[in-house]
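Take any residue in the first sequence, note its place counting from 1, add 19, and you have its number in this note's numbering. Idealized CB from N, CA, C, for every residue including glycine. Quick caveat, the model's predicted, so the values are computed rather than measured.
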Amino acid sequence: MSNRIQEIYDRLAAHFGPQHWWPGETPFEVMLGAVLTQNTNWRNVSQVIESLGREGLLSFEALDALPEEELAIRIRPSGYYNQKAGKLKRLFAAIREESADLEEFLGQDALALREKLLAVKGIGPETADSIVLYAAQQPVFVVDAYTYRILLRHDLISEEAGYEEIQEMFLCKLPSETALFNEYHALLVRLGKEHCKKSNPLCESCPLKGL
DNA sequence: CACCAGGCAAGTA
DNA sequence: TACTTGCATGGT
Numbered sequence: 020m021s022n023r024i025q026e027i028y029d030r031l032a033a034h035f036g037p038q039h040w041w042p043g044e045t046p047f048e049v050m051l052g053a054v055l056t057q058n059t060n061w062r063n064v065s066q067v068i069e070s071l072g073r074e075g076l077l078s079f080e081a082l083d084a085l086p087e088e089e090l091a092i093r094i095r096p097s098g099y100y101n102q103k104a105g106k107l108k109r110l111f112a113a114i115r116e117e118s119a120d121l122e123e124f125l126g127q128d129a130l131a132l133r134e135k136l137l138a139v140k141g142i143g144p145e146t147a148d149s150i151v152l153y154a155a156q157q158p159v160f161v162v163d164a165y166t167y168r169i170l171l172r173h174d175l176i177s178e179e180a181g182y183e184e185i186q187e188m189f190l191c192k193l194p195s196e197t198a199l200f201n202e203y204h205a206l207l208v209r210l211g212k213e214h215c216k217k218s219n220p221l222c223e224s225c226p227l228k229g230l
């Protein structure tokens with residue numbers, strides 16, 4: 020196989036099966052989770068999302084109207100809560116100023132949407148792409164720490180490889196399909212969690228062994 | 001106890 | 001430009 024990127028996907032898909040990834044009932048929940056999970060375990064994030072849901076605060080309108088200090092208190096278990104409250108408030112303000120509602124904001128062309136997300140202080144490439152792919156359901160590839168570590172361990176990139184460079188590897192070697200990019204990223208995270216941890220440098224049972 | 005988790009921005013030299 | 005540090009909780 021000349022296409023290593025495709026080969027990796029095929030192996031992971033065969034080994035793990037469908038991932039049904041990014042638990043989230045609505046695009047708003049997905050967007051919220053994308054910010055809250057920055058450098059943070061998903062367990063903590065889902066705890067916050069559940070408690071917000073119980074209080075009826077799980078909507079753009081509700082959280083947009085909530086003062087930043089109150090928001091910070093309610094997202095506390097997700098860590099970095101003061102910073103994240105500021106990020107969310109700036110994101111909500113950008114959406115309100117740009118569009119009539121969240122649906123219209125997320126319905127923009129993927130490239131334009133990505134640029135507008137990146138313009139918000141506190142939203143970097145991974146968070147922006149996660150929102151474009153999982154909330155807006157448009158085909159961009161999300162690169163995260165697992166993607167980097169897995170590709171590095173299998174000698175497919177150099178240590179100096181940057182975000183866009185890694186992203187481009189996937190974009191140019193795969194058909195541009197939302198469902199595929201969604202599943203592929205989910206599979207990389209699954210592999211990372213189970214076989215490619217920092218403390219687990221070489222893994223005999225890695226499904227990608229012998230590429 | 002130390003280390004890690006689905007990052008990002010700001011400060012330093 | 002290239003490193004380093006701050007942000008912070010909860011699980012292993």
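Three-state secondary structure (DSSP) of residue i
i, result
"Gln38", "coil"
"Tyr99", "coil"
"Asn63", "helix"
"Gly43", "coil"
"His173", "coil"
"Gln25", "helix"
"Lys228", "coil"
"Asp163", "coil"
"Thr56", "coil"
"Ile68", "helix"
"Ile150", "helix"
"Pro158", "coil"
"Arg74", "A small correction: the amino acid at residue 74 is Glu; Arg does not occupy that position in the sequence shown. Three-state DSSP puts Glu74 in coil, outside helix and strand."
Rounded Cβ spacing between residue i and residue j (contact assumed at less than 8 Å)
i, j, result
"Leu193", "Gln25", "7 Å"
"Phe189", "Pro158", "That belief does not hold up - the Cβ atoms of Phe189 and Pro158 are roughly 11 Å apart, past 8 Å."
"Leu210", "Pro226", "7 Å"
"Ala104", "Ala84", "Ala104 to Ala84, Cβ: 14 Å. No contact."
"Leu171", "Glu178", "6 Å"
"Arg93", "Leu71", "6 Å"
"Arg62", "Leu175", "Not really, about 30 Å apart at Cβ, beyond 8 Å."
"Pro37", "Glu202", "7 Å"
Sub-7 Å separation of residue i and residue j beta-carbons
i, j, result
"Leu107", "Val54", "yes"
"Ala154", "Val64", "no"
"Ser118", "Phe111", "no"
"Arg168", "Lys140", "no"
"His236", "Val161", "Residue 236 is absent from the structure shown; the chain starts at 20 and stops at 230."
"Phe47", "Leu121", "yes"
"Leu230", "His173", "yes"
Of the residues the options, the one placed nearest residue i, counting alpha carbons only
i, options, result
"Thr197", "Leu170, Ile185, Leu171 and Leu152", "Leu152"
"Ser78", "Trp61, Thr59 and Gly52", "Gly52"
"Glu134", "Ile150, Leu121, Glu122 and Leu31", "Ile150"
"Ile185", "Asp163, Ser195 and Glu202", "Asp163"
"Asn58", "Gly143, Gly181, Glu183 and Cys222", "Gly143"
"Gln156", "Asp29, Leu31, Tyr28 and Trp41", "Trp41"
"Glu145", "Tyr165, Thr45, Asp128 and Arg62", "Tyr165"
"Asn60", "Glu223, Lys212 and Ser224", "Lys212"
"Asn101", "Pro86, Arg115 and Ile114", "Pro86"
"Asp128", "Glu116, Gly181 and Asp148", "Asp148"
"Arg3", "Leu132, Glu80 and Glu88", "Here the chain covers residues 20 to 230 and nothing more, so residue 3 does not appear."
"Glu44", "Lys217, Glu69, Ala32 and His34", "Glu69"
"Ala113", "Tyr99, Leu132 and Gly98", "Leu132"
Any non-hydrogen atom of the ligand NAD within 6 Å of residue i CB
i, result
"Ser224", "As presented, the structure is devoid of all ligands, the ligand NAD included, so that no description of it is given."
Whole alpha helix (DSSP H) elements within the segment 86–140, 4-residue minimum: Residue ranges of uninterrupted alpha helix (DSSP H) with 4 or more members, entirely inside the segment 86–140 and ordered along the chain, are 87–93, 100–117, 121–125 and 129–137.
Uninterrupted alpha helix (DSSP H) stretches inside the segment 178–222 (no shorter than 4 residues): DSSP runs (the alpha helix (DSSP H)) wholly in the segment 178–222: 182–192 and 197–214.
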